[in-house]
Each structure stands twice: as structure tokens, then as C-alpha cells.
Amino acid sequence: MSHSLRITLLWTCTALFLARVMGQILVGIYPGAPMLPEWKEWYSGLLPYPWLVLSQLLLLMFMTVVNVDTARRSGHFCVVSATVRWRLNLFAALYAGSMVFRYTYRMITMPEERWFGGTIPIWFHFVLAAWVWLVAVKSKTPKASGANVS
1430 MSHSLRITLL
1440 WTCTALFLAR
1450 VMGQILVGIY
1460 PGAPMLPEWK
1470 EWYSGLLPYP
1480 WLVLSQLLLL
1490 MFMTVVNVDT
1500 ARRSGHFCVV
1510 SATVRWRLNL
1520 FAALYAGSMV
1530 FRYTYRMITM
1540 PEERWFGGTI
1550 PIWFHFVLAA
1560 WVWLVAVKSK
1570 TPKASGANVS
């Protein structure tokens, strides 16, 4: 994957997650906001909302720092180690796999909400898993041109 495509996809995942956080905040402030799903579709209730939004905002700040370091190909959060890449890939796969399980479990236990009822949190966990995978991907370095400049 080219470096520019990787960076574009990292920022796209970050922007999608930001839109999810802002959408939920908007629905919380303005119940019945036009064009947005109801509150119950956004929130699983596993974490009290003030803590959830705080953790989401902290995660967005972290994602931004990682994206900038990755774009610059330097910095504390620029992944260069093959071991770290392998571990991040494993984490991304387990994370996405757990969301497949969560989605399947939800569809079995709540058939009245099939196929998309209450699944916004699940889909955005897939976005976050994709972001982790993209952090782990090694960008292709551009090939040097055949011209020899002396």
C-alpha cells in the first residue's frame, strides 16, 4: 500500500469516528435530530455516557497524534518494528473478530432488531479495528528513479 493511500485511509477512519462521536453528542443534545438515528441506536450502555465521551475524545486525540507521526514517518508513534506491526495486526484481527462475535450474538439474542438495529457501536468498532490495522501496515517506499544524480 502506498504511503499516501495509507495516510488517507488513516485520516478517513479518524474522521468517521469523529462523525460518530459528534453524531451521538448531537442526538444527546437534540433528541429527534433530523437525519440521525435515535439515542438507543448509538449507545450500548456498557459505559456511563460521560466516561464514554471522554474516552472517545481522548482516543481521537491519540489517533490524531499517531496519524501525524505516521504521515511524517517519524515520531514516538511511528511504527517501524516488525514485532510491533505483528502485534498490532494480531490485535486488529482479534478486535474485528470480537465484533463479528458481538454482532452475531446480538442478532441471535435480539432478532427483532435484525439486521442493523443498535449496531452503530459495533460498526464503528470495525472502523477502529481497521485504523489499528492501517497503523500496522508497512507503506511501500517509493522506488528511486533510474537517473543517477552526482
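Heads up, the final residue of the sequence shown is numbered 1579 in this note's numbering, and it's a clean run with no missing numbers.
Here a beta-carbon is modelled for each residue, glycine too, at the ideal position from N, C-alpha and C.
- For residue 1567, the closest alpha carbon among the candidates 1518, 1523, 1556 is that of 1518.
- Of the residues assessed, residue 1479 falls on the exposed side of the cut-off, its CB having fewer than 16 other CB atoms within 10 angstroms.
- A straight-line Cα-Cα distance of about 9 Å links residue 1506 and residue 1564.
- A Cβ-Cβ separation of about 4 Å places residue 1561 in contact with residue 1521 under the 8 Å criterion.
- Its chain contains 1547 as the residues whose beta carbon lies nearer than 8 Å to that of residue 1469, once the 5 sequence neighbours on both sides are disregarded; these appear in chain order.
- If you ignore the 5 residues before and after residue 1443, its C-beta comes within less than 8 Å of the C-beta of 1489, 1492, 1493, 1496, 1560, all in its own chain and listed in chain order.
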